[in-house]
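Going left to right, the sequence shown walks through residues 1 to 97 as the numbering used here numbers them. Step one of this worksheet: look at the structure below.
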Amino acid sequence: MIGIQEIDINILSYIQENITNPLLDKIMPVITSLGNMALLWITVGVVLFTIKKHRKYGYMVFLALLLCFLIGNLALKPLVARIRPFDAYPLINGLLI
């Protein structure tokens, strides 16, 4: 039976060898970095919260961020505790990490 990590390495190797685009290789890290530390969503929440008409949406954004943190980072990640594929297989490199 093939383990999940072997499936990971096969998929990531295929992507790395066959699906590349020089333009997207430059654009996607910027887009990805917008999600780091939830900075984009915190900014959206603050902007919505400061506009009285949209304050309830600001609360919703903050509540969603809190729930994502609690469920994802504090519950699911420790429960699953899978090693990340690029840590398990150092030959995977480049933009996939």
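By construction, the Cβ of each residue, glycine as well, lies at the ideal position given by its N, Cα and C atoms.
Quiz item: For the candidate residues 60, 79, 15, whose alpha-carbon lies nearest to that of residue 41?
Solution: Ranking 60, 79, 15 by Cα distance to residue 41 puts 60 first.
Exercise. Please check the pair residue 49 and residue 58, which I expect to be a contact at CB under 8 Å, by giving their CB distance rounded to whole angstroms.
Key: Between residue 58 and residue 49 the Cβ distance is about 3 Å, and since that is below 8 Å, they are a contact.
Self-check item: Alpha-carbon spacing of residue 37 relative to residue 20, whole angstroms
Solution: Roughly 27 Å separates the two Cα atoms.
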